[in-house]
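J.: Sharing a structure here in structure tokens format.
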Ligand SMILES: [Zn+2]
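In the working numbering, the protein residues as written are -16 to 262.
This is the structure in structure tokens:
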């Protein structure tokens, strides 16, 4: 097989032998892949910057014949992730982005929109935005791109558009909503206020972002009330755990940095992880 090229984000790097690395990469062209970079830890190597975690590279690799690792032959640094710009909360938010990419995405299935979302999120996390809001935006859009999230616009029972000032009720399907007329029939999920639904739509890309749809999120953004943030954080955490089948490894760190802070959303950790009735 001839060598292949790809744009790649380094998700994980594990030292291998004296001088080599085994890396997990998320690529725009081939999805997730695992590769061996021989001699990557030597001072002089064809791997610029020794394949730093969260950084973006243009790579060349020889695809594996059957099982095993791809063989990386070259890596050119495109964009280095700079922890000093992100700060500690931003850095751990970025580690969480890497964890979700590694856990959620199948090997050898390209989803360029997921790659672009990750690149944009990592860039925003280095711009002193609001890492909490960046993560919600990333998680909701990732779940949607991977087909794990319903839409928040219409009722799953009657198919009608739920009006902007109407509450809606979550059904068993994540993100699937029932309108007030239909939820009496038996939906038991939490009731979402119009404001929560509006933000779920904006964060998941269903409606335009209130300020702008990309770039830096202003730290002074008045629209996302702490209480609304707490409610959405609780829902998204539950959905992520549900589709991952476990609690993400980075959750304790995000918790430590206040991402799940209870005074932010007036929710306890218990409620965040197992929300029942949110009104
Ligand atoms: Zn309905």
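We put the CB at the ideal spot given by N, CA and C, even for glycine.
Remember, predicted model here, so these are calculated numbers, not experimental data.
What number of angstroms, rounded off, separates the C-alpha of residue 152 from the C-alpha of residue 137?
T.: Translated into the one-based positions of the chain shown, residue 152 becomes position 169. Translated into the one-based positions of the chain shown, residue 137 becomes position 154. One C-alpha to the other measures close to 11 angstroms.
J.: Quick one: Cα of residue 185 to Cα of residue 38, how far?
T.: Numbered from 1 along the chain shown, position 202 holds the residue referred to as residue 185. Numbered from 1 along the chain shown, position 55 holds the residue referred to as residue 38. Approximately 28 angstroms between the Cα atoms of the pair.
J.: Would you say the beta carbon of residue 164 comes nearer than 6 angstroms to a heavy atom of ligand 1?
T.: Working through the chain shown from its first residue, we reach residue 164 at position 181. Yes, since a heavy atom of ligand 1 falls inside the 6 angstroms radius drawn around the Cβ of residue 164.
J.: Can you tell me whether DSSP reads residue 18 as helix, strand or coil?
T.: One-based indexing of the chain shown puts residue 18 at position 35. It is a strand residue.
J.: Return yes when at least one heavy atom of ligand 1 lies under 6 angstroms from the C-beta of residue 140, else no.
T.: Translated into the one-based positions of the chain shown, residue 140 becomes position 157. Because some heavy atom of ligand 1 lies under 6 angstroms away, the Cβ of residue 140 counts as near it: yes.
J.: Suppose the cutoff is 7 angstroms on Cβ atoms and the five residues either side in sequence are ignored; what does the same chain contact list for residue 9 look like?
T.: For this step, residue 9 is matched to residue 26 along the chain shown. -9, -8, -6, 15, 84, 88, 98 and 101, listed in sequence order.
J.: Quick check: the stretch 117 to 124 against the stretch 218 to 229, are there 3 or more CB pairs under 8 angstroms?
T.: A contact exists between the stretch 117 to 124 and the stretch 218 to 229.
J.: Would you mind sorting residue 1 into buried or exposed? The rule is 16 or more other CB atoms within 10 Å of its CB.
T.: The residue labelled residue 1 in the question sits at position 18 within the chain shown. The residue is exposed, with fewer than 16 neighbouring Cβ atoms inside 10 Å.
J.: What residues match up with residue 174 in a beta bridge as DSSP calls it?
T.: The residue given as residue 174 occupies position 191 in the chain shown. Looking at the DSSP assignment, residue 174 forms a beta bridge with 152.
J.: With distances taken Cα to Cα, identify the nearest neighbour of residue 61 among 94, 106, 140 and 75.
T.: In the chain shown, counting from the first residue as 1, residue 61 sits at position 78. Comparing Cα-Cα distances from residue 61 to each of 94, 106, 140 and 75, the minimum goes to 106.
J.: Check each candidate in 58, 163 and 46 and name the one with the smallest Cα separation from residue 23.
T.: Within the chain shown, numbered from 1, the residue matching residue 23 stands at position 40. When only C-alpha atoms are compared, the closest one is 58.
J.: Any idea which residues DSSP pairs residue 138 with across the strands?
T.: In the chain shown, the residue the question calls residue 138 occupies position 155. Partner(s): 160.
J.: Within this structure, are the beta carbons of residue 271 and residue 114 separated by less than 7 angstroms?
T.: Examination of residue 271 is not possible in this model, given that the chain is present from -16 through 262 alone.
J.: Between residue 233 and residue 82, how many whole angstroms is the CB-CB distance? I'm expecting something under 8 angstroms.
T.: Taking the first residue of the chain shown as position 1, residue 233 is located at position 250. Taking the first residue of the chain shown as position 1, residue 82 is located at position 99. About 5 angstroms separates the two Cβ atoms, so the contact holds.
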